[in-house]
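Enquirer: After the structure tokens below, expect a handful of questions from me.
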Amino acid sequence: MKRRSEFDLMDRSMPHPMTRRARRAITTMAAVAAIATTLAGCSAAGEAAPGSTADGTAAAEIAQPAGYETVPAPGPAIDVSTLAGATVYWIPITSQAPVFSIEQAAATEAFAAAGVKLQLCDGEANPASVAKCTTQAVSAGAAGIIATSIPPEFAQQSFGAAVTAGVPVLFVNTKDATTPTEWGDLAAALPANFTVQAKVNTDLIIADSKKAAHVLVIGVTDSSVTTSVYESITAQYASDCPDCVVSSVEVGSTTLSNLSSQVSAALVKDPAISYVQVEFDSFAAPVVQAIRQLNKSSSIKVVSMLGQLDGMKRIADGSGFADTTYSLAALGWNEADVMLRMMLGVDPAIDGHKTPIKTYTSANISSADLTEAAWKSGEWSSDDDFRSMYTMLWGAS
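In this note's numbering, the protein residues as written are 210 to 606.
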């Protein structure tokens, strides 16, 4: 990989008089804010991203990762009958993002099948609000707590108090499966599969360019989850495409308004750029704006992931190149299964839970029903009946 330029939006060289604890707290808050911004879908619905799909790589040629086509049974059958009437608190980083509404609806449906109630408590992208929700859950006698897109350190004291009170806590869409060791089996983390999606997209660009891409990578750097995705993308180009020329723009939750101008600067600096790899669909709008302003809509292909409705529509109208989707519905059922196992005191089988992904280009987008209902159902990523699979696995069918 030939790195031509890198646009770093954060000045890491300047010292700051804050204490280490203060810096850690602010970093954690910024990281979670970035996740909230990322998943909130800040690109306008229906706004097209540029990039011709003509002569593009056919969907049949896209190497999809093994094990992510369906939702497998993650572990042995469990009897959930003793959990009937229990309540699980569900704390998203924010309830304002459409993706969390879809995930919540799926989790609510899953828990209802097991006779368990799901109680929403909005984290409001604020440690104090998350702590309040956690305390409320313990006081209300909750049988479990799910914190989605919230890392353990965001409200570690309150999460620790819940664990001490005997309430299992599950963290969803984390960087990895680690939780504080002192919390033992009462805490677990279900990692995001974002790096898997990113690899599919990087493979696609390398193949489509015949290993000679000039690509601009939009990396989100102020979250441990998003940074790991960004680093995996650049590392793959370095190892798999030494002749690719890779430029990058780094963006954070507090610098999103600068993204369009940063993209413009990168495209001017390297006029040969013909691909922009956007880490998430929700960052596409500023990229689109920059490309249009430079009249490069016909020469740059935009590749993204998460499979939001607006991203899929860009593929359908011929203005987007590729979007790798993942099933929020399957994620909701997966996290319900993990929590039910934790509530029963058995192995949560973290590694056995897979959230399906699927890449769409002009070659297969016609097979997708581009409606909000279809997005919510999870059918874009998998057509298997994971709902029936889980209810049978729980003895709840």
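From the three backbone atoms N, C-alpha and C, an ideal C-beta is built for every residue, glycine too.
Model, not experiment: these values are computed from the prediction.
Using a threshold of 6 Å, is the CB atom of His423 nearer than that to any non-hydrogen atom of the ligand SAH?
Expert: Absence of the ligand SAH is noted for the structure shown, with no ligands found whatsoever.
Enquirer: Out of Ile414, Gln345, Val434, Leu395, which has the shortest C-alpha to C-alpha gap to Val426?
Expert: Position 217 of the sequence shown, counted from the start, is the residue given in the question as residue 426. Nearest C-alpha to Val426: Ile414.
Enquirer: Measure from the alpha carbon of Ser491 to the alpha carbon of each residue in Tyr484, Leu515, Ser507, then state which is nearest.
Expert: Working through the sequence shown from its first residue, we reach residue 491 at position 282. That would be Leu515, whose Cα lies nearest to the Cα of Ser491.
Enquirer: Where does Gly350 land, buried or exposed, given buried means 16+ other C-beta within 10 angstroms?
Expert: Along the sequence shown, one-based indexing puts residue 350 at 141. The residue in question, Gly350, is exposed, as its Cβ has fewer than 16 Cβ neighbours within 10 Å.
Enquirer: I'd like the ranges of any beta strand (DSSP E) spanning at least 3 consecutive residues and lying wholly in the segment 416-468.
Expert: Entirely contained in the segment 416-468, the beta strand (DSSP E) runs reaching 3 residues are, in chain order, 423-429, 454-460.
Enquirer: For Tyr569, write down the residues that DSSP places opposite it in a beta bridge.
Expert: Along the sequence shown, read from residue 1 onward, the residue named residue 569 stands at position 360. Note: Tyr569 sits in a beta bridge opposite Asp532.
Enquirer: Between the Cα of Asp560 and those of Gln273, Met210, Tyr277, Ala272, spot the shortest distance and give me the residue it belongs to.
Expert: Looking up residue 560 in the sequence shown gives position 351. The option with the nearest alpha carbon to Asp560 is Tyr277.
Enquirer: Could you say which of Lys567, Ala539, Pro400, Ala481 lies nearest to Val381 if we only look at CA atoms?
Expert: Walking along the sequence shown from the start, residue 381 turns up at place 172. Out of Lys567, Ala539, Pro400, Ala481, Pro400 has the C-alpha closest to the C-alpha of Val381.
Enquirer: Tell me where the beta strand (DSSP E) around Met210 begins and ends.
Expert: Against the sequence shown, residue 210 aligns to sequence position 1. It is not in any beta strand (DSSP E) - Met210 carries neither H nor E in the DSSP assignment.
Enquirer: Which two residues bound the contiguous beta strand (DSSP E) that contains Ser590?
Expert: Translated into the one-based positions of the sequence shown, residue 590 becomes position 381. From DSSP, Ser590 is part of no beta strand (DSSP E); its letter is neither H nor E.
Enquirer: Please state whether the Cβ-Cβ distance between Thr580 and Ala531 is less than 7 Å.
Expert: Residue numbering aside, residue 580 sits at position 371 when the sequence shown is read from its first letter. Residue numbering aside, residue 531 sits at position 322 when the sequence shown is read from its first letter. The answer is no: Cβ separation not under 7 Å.
Enquirer: Give, in chain order, every unbroken run of the alpha helix (DSSP H) that is at least 4 residues long and sits entirely within the segment 307-380.
Expert: With a minimum length of 4 residues, the continuous alpha helix (DSSP H) runs that stay inside the segment 307-380 are 307-322, 336-348, 365-373.
Enquirer: Assuming Trp542 is part of the alpha helix (DSSP H), what are its boundary residues?
Expert: Taking the first residue of the sequence shown as 1, we reach residue 542 at position 333. Per DSSP, Trp542 belongs to the alpha helix (DSSP H) from 537-553.
Enquirer: Compare the beta carbon distance of Ala475 and Cys453 with 7 Å and say whether it is the shorter of the two.
Expert: The residue labelled residue 475 in the question sits at position 266 within the sequence shown. The residue labelled residue 453 in the question sits at position 244 within the sequence shown. No, Cβ-Cβ distance for Ala475 and Cys453 is not below 7 Å.
Enquirer: Looking at the strands, I want to know which residues DSSP matches up with Ser513.
Expert: Position 304 of the sequence shown, counted from the first residue, corresponds to residue 513. Looking at the DSSP assignment, Ser513 forms a beta bridge with Asp532.
Enquirer: Check the C-beta distance from Leu537 over to Ile311 and give it rounded, since I have them as a contact under 8 Å.
Expert: Here residue 537 corresponds to residue number 328 of the sequence shown, with the count starting at 1. Here residue 311 corresponds to residue number 102 of the sequence shown, with the count starting at 1. Confirmed, about 4 Å.
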